[in-house]
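Residue numbers (the UniProt record's numbering): 232 to 491. Just so it is clear, CB atoms sit at the ideal spot from N, CA and C, and this is done for glycine as well. Note that the structure is predicted; figures quoted are calculated from it, not measured. Before any comments, here is the structure.
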Ligand code: ADP
């Protein structure tokens, strides 16, 4: 409980700080990207080295843009827009993005219960959360292996068995990998903002804290089961929606999220 409180206080303080910085930084990035595009259009065809430099700069700027997006989402400046979600449709619609996120050498399976309920949450944020989890699964699968996105219903009785979950009906969305797994001391800290075991450029330490923030704001929960050497399952619980989705949800994330 103390660790959770510490985590919540950290999130609060960091949220306020990063929100302001990320917002201004994002505006500056737009200036950089705009000018790079202009430069790219004016370069002659027979200047491959200059083109490569411009495209390297552009790639760096795109990575920075993804980072600021994450920071903004984390600082809650991105408002949640909850609506009923057809998780089956959303997951299947993400197949291409997820396979590209994982890379060709890794297997991806999507397994959705046929009678899955609708969930109540912001579909774009859910999509973001699933991509974050897939990025982590890809990193954990250094030796190859499989990532599975699955979803099932959790009724009130089953929700009692999950520590930290208010008894109710939920849609559980799991991202599992057969990768490295986490030791208990790492598992203890994964929701802390900026906690990462990855090299600079590989990880920001914001993925899981973002997933945690999203689940909590959606009146849901996140659970992680992990065994070193066997793999990890991250489960997001989202409240069941009694309404059906109004519109079909179309996956909107670009495959460049892979770089995050
Ligand atoms: P990042 O991925 O940028 O490091 P996260 O908050 O997403 O930030 O994850 C924090 C840490 O948790 C990672 O650095 C890694 O050590 C561990 N982790 C997260 N997901 C997994 C996973 N699927 N398998 C093994 N370790 C993981």
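Residue i (DSSP reduced to helix, strand or coil)
i           : result
residue 345 : coil
residue 490 : Its pLDDT being 36, under 50, residue 490 is placed unreliably in this model, and the value from its coordinates should be taken loosely. Correct three-state label for residue 490: helix.
residue 466 : strand
residue 249 : helix
residue 188 : Because residue 188 is not part of the residues shown, which for the chain are 232 to 491, the question remains open.
residue 379 : strand
residue 385 : strand
residue 407 : strand
residue 477 : coil
residue 331 : helix
residue 322 : helix
Residue i Cβ short of 7 Å to the ligand NAP heavy atom set
i           : result
residue 359 : Absence of the ligand NAP from the depicted structure is noted, with the ligand ADP being the only ligands included.
Top-ranked residue by Cα proximity to residue i, from the options
i           : options               : result
residue 473 : 333, 316, 286 and 419 : 316
residue 371 : 300, 298, 409 and 339 : 409
residue 357 : 312, 387, 462 and 373 : 312
residue 419 : 273, 434, 439 and 249 : 439
residue 261 : 470, 299 and 441      : 299
residue 237 : 423, 392, 406 and 434 : 423
residue 289 : 272, 277 and 276      : 272
Distance cut-off 7 Å: residue i Cβ against heavy atoms of the ligand ADP
i           : result
residue 417 : yes
residue 421 : yes
residue 434 : yes
residue 299 : no
residue 437 : yes
Presumed contact (8 Å Cβ cut-off) between residue i and residue j, rounded CB distance
i           : j           : result
residue 270 : residue 285 : 6 Å
residue 292 : residue 267 : 7 Å
Below 8 Å, can you find three or more Cβ-Cβ pairs linking the segment 417 to 437 to the segment 374 to 394? No, because fewer than three Cβ pairs between the segment 417 to 437 and the segment 374 to 394 fall closer than 8 Å, the two stretches do not touch.
Taking three-plus beta-carbon pairs below 8 Å as touching, is the segment 385 to 399 in contact with the segment 447 to 465? Because the criterion of three Cβ pairs below 8 Å is met, the segment 385 to 399 and the segment 447 to 465 touch.
Counting pairs of beta carbons, one from the segment 383 to 390 and one from the segment 326 to 335, are three or more of them closer than 8 Å? Touching, no.
Is the segment 295 to 306 touching the segment 346 to 355, taking contact as three or more C-beta pairs under 8 Å? Contact between the segment 295 to 306 and the segment 346 to 355 is absent: fewer than three C-beta pairs spanning the two stretches fall below 8 Å.
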